[in-house]
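**Student:**
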Amino acid sequence: MARTLLVVDDLADWNPYYPSEQVITFEGYLAAGLGEPEQRVRIINLCSSYRYLSDGYYCSLLAEARGHHVIPSVKVLNDLGKKALYRLQLEDLSQTLARAFKAVDKHSEITLMSYFGTTVDPVFQELTRLLFERFSCPLLEVTLRYRQSWEIIGLKAVSHRHLDDEKQTVFAEALDKFSKKVWRKGRTRKAARFDLAILVNPEEQLPPSNRGALKKFIKIGRELGIEIELITQQHYVRLPEFDGLFIRETTNIDHHTYRFAKKAEAEGLVVIDDPTSMLRCTNKVYLADLFRTHKVPTPKTWLLHKGNAAHLDRVEAEAGFPVVIKIPDGSFSRGIVKVNDRKELELKVEELFQKSALLLAQEFLYTDFDWRIGIFNNKALYACRYYMVKNHWQIYRHGAGRIDSGNFATLPTFEVPKAVLDAALKATLPIGNGLYGVDVKEKGGKGYVIEVNDNPNIDSGIEDKYLGDELYRLVMAELLRRMENRSKGI
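Going by our numbering, the letters in the sequence shown line up with residues 10 to 499, in that order.
#1: Rounding to the nearest angstrom, what Cα-Cα distance links LEU20 and LEU140 in this structure?
#2: Quick one, are the C-beta atoms of ASN464 and ASP282 less than 8 angstroms apart?
#3: DSSP state of LEU489, grouped into three classes?
#4: When the Cα of PHE385 is compared with those of HIS169, LEU489, TYR61, GLY443, which residue comes out closest?
#5: In its own chain, which residues sit with a C-beta less than 6 angstroms from the C-beta of PHE187, not counting the 5 before and 5 after it?
#6: In three-state terms, what does DSSP make of PHE300?
#7: Any C-beta of chain B sitting closer than 8 angstroms to the C-beta of LEU71?
#8: Which residues does DSSP list as the beta-bridge partners of ARG268?
#9: Let me know the secondary structure DSSP gives SER145 once reduced to three states.
#10: Given a cut-off of 8 angstroms on the beta-carbon distance, is the pair LYS357 and VAL346 in contact?
#11: Could you tell me if THR291 is buried or exposed, where buried requires 16 or more neighbouring beta carbons within 10 angstroms of its beta carbon?
#12: Starting from GLU460, trace the alpha helix (DSSP H) in both directions and tell me its first and last residue.
#13: Across which residues does DSSP place HIS314 in a beta bridge pair?
#14: Are SER145 and SER82 closer than 8 angstroms when you measure CB to CB?
#15: Under 8 angstroms between the Cβ atoms of TYR395 and PHE373?
#16: Whole-angstrom Cβ separation of THR437 and VAL429, contact assumed at under 8 angstroms?
#17: Which residue wins for smallest C-alpha separation from ILE235, given the options ARG257, ASP204, HIS244?
#18: Taking buried to mean at least 16 other C-beta atoms within 10 Å of its own C-beta, is ARG490 buried or exposed?
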């Protein structure tokens with residue numbers, strides 16, 4: 010597990026706050042570098058000055074040289090030192106600023122204080138969170154002014170030493186939420202060997218794991234010596250506190266889940282889903298070419314390019330009707346339509362081409378159910394039959410204000426037809442060794458891969474219906490093995 014240190018100029022600077030053995034002086038941190046290097050150390054740099062070549066600047070610089078995760082980083086300090094640098098990272102915040110300041114007097118200059126990405130007024134919370142993701146500082150002073158629109162005209166890292174009593178309380182509460190392990194007392198728990206973050210979105214309508222499954226992951230993980238914490242989008246800057254990241258929120262490339270995966274990978278964490286798998290799985294155009302190259306059995310597939318009517322002629326001639334049209338990054342049956350004639354084909358592709366320059370056309374293979382094979386580290390873990398919604402051709406049916414789904418049946422993997430299992434395993438080999446859910450149709454004794462999902466469902470009461478707790482143990486044990494190997498440099 011990682012150790013957290015708060016570095017101050019003088020221990021007396023910490024007198025207003027709760028005592029902690031993890032508070033040290035910069036002099037003490039400087040001397041600590043003379044001993045054996047430590048693994049997994051987090052530094053919260055609270056020196057009074059961050060100016061170039063000051064103690065605060067050197068604290069961040071030395072932390073990075075020692076392989077410690079530090080906030081603020083040297084890059085952040087350098088960016089904040091020059092308006093031209095930090096303004097480049099503010100250009101996409103206009104909508105956020107407009108929402109936050111729509112009721113604010115446009116003739117006044119506003120100064121906000123961000124405490125570890127939080128602020129006193131909830132109206133400005135989204136803004137301070139976004140700024141903290143880009144400029145991770147314990148305390149950040151934000152100055153705004155209205156010209157033609159609201160603009161950030163000043164960003165400055167400030168010291169906790171200058172806070173009054175009221176702001177000291179806000180600062181302490183924000184630090185408490187940001188890094189609870191600095192303060193945590195209460196009952197003692199067996200020391201965990203590793204820390205794992207599970208990324209979730211409590212508001213997601215169709216999450217990849219329901220609450221029951223998340224509880225099972227936490228319970229089984231702790232039995233194996235893994236301390237697990239559920240995190241959300243707001244905890245981006247806390248990623249280096251952990252040894253691993255397990256994403257249990259629906260992923261996409263143009264989404265914070267991909268940024269989380271990239272940052273976690275850059276920080277040396279074990280990551281499921283890893284960003285490479287996300288890139289490969291979330292785009293059906295990529296998968297179609299990958300499957301063709303590696304001779305993975307799939308339904309006949311054609312690429313459609315916007316503005317090329319010849320592609321539609323070819324689909325009509327070779328596939329006939331009905332035929333299925335897909336946008337490359339659709340999920341949960343969204344962005345997938347079945348067309349029954351040329352007129353409907355032209356109409357639907359015109360709609361879908363507004364979202365993507367390339368579409369896929371795929372021959373229509375009707376089956377009562379799709380196989381879902383869960384694969385982790387190139388081994389099949391579970392198998393489900395997902396049945397079509399009654400009187401519909403898909404597993405999900407999206408209606409006005411509701412989503413219907415078909416029934417399911419969970420089976421042991423040894424009862425899956427060999428052709429289906431072989432097709433699923435063959436499909437994931439060129440993608441990686443992550444956690445995947447492979448959708449396969451079975452027709453005429455053959456398995457046809459529809460797609461590979463990088464973020465497969467593992468829900469309590471569904472995918473675990475046959476294996477029970479053993480499914481969660483298999484997933485957690487593999488994550489543990491990878492974290493052990495990572496700690497050994499393997």
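Beta carbons: idealized from backbone N, C-alpha and C, even for Gly.
**Tutor:** Short version:
#1: Rounded to whole angstroms, LEU20 to LEU140 spans 29 angstroms at the Cα level.
#2: Going by C-beta atoms, ASN464 is nearer than 8 angstroms to ASP282.
#3: Three-state DSSP puts LEU489 in a helix.
#4: For PHE385, the nearest C-alpha among the options comes from GLY443.
#5: Its chain contains PHE125 as the residues whose beta carbon lies nearer than 6 angstroms to that of PHE187, once the 5 sequence neighbours on both sides are disregarded; these appear in chain order.
#6: Here PHE300 carries a helix assignment [DSSP, helix/strand/coil].
#7: Of the protein chains in this structure there is only one, and it is not chain B.
#8: Residue pairing by DSSP places ARG268 opposite no residue, since no beta bridge is assigned to it.
#9: Secondary structure at SER145: coil, using DSSP grouped into helix, strand and coil.
#10: In this structure, VAL346 lies closer than 8 angstroms to LYS357 by Cβ.
#11: Counting Cβ neighbours within 10 Å, THR291 comes out buried, since at least 16 surround it.
#12: That residue, GLU460, is in no alpha helix (DSSP H); its beta strand (DSSP E) goes 455–462.
#13: Paired residues: LEU367.
#14: Remark: C-beta atoms of SER145 and SER82 approach each other more closely than 8 angstroms.
#15: Note that the C-beta distance between TYR395 and PHE373 is not below 8 angstroms.
#16: The distance from the Cβ of THR437 to that of VAL429 is about 13 angstroms, inconsistent with a contact at the 8 angstroms cut-off.
#17: Among ARG257, ASP204, HIS244, the Cα nearest to that of ILE235 belongs to ASP204.
#18: Answer is exposed; the Cβ neighbour count stays below 16.
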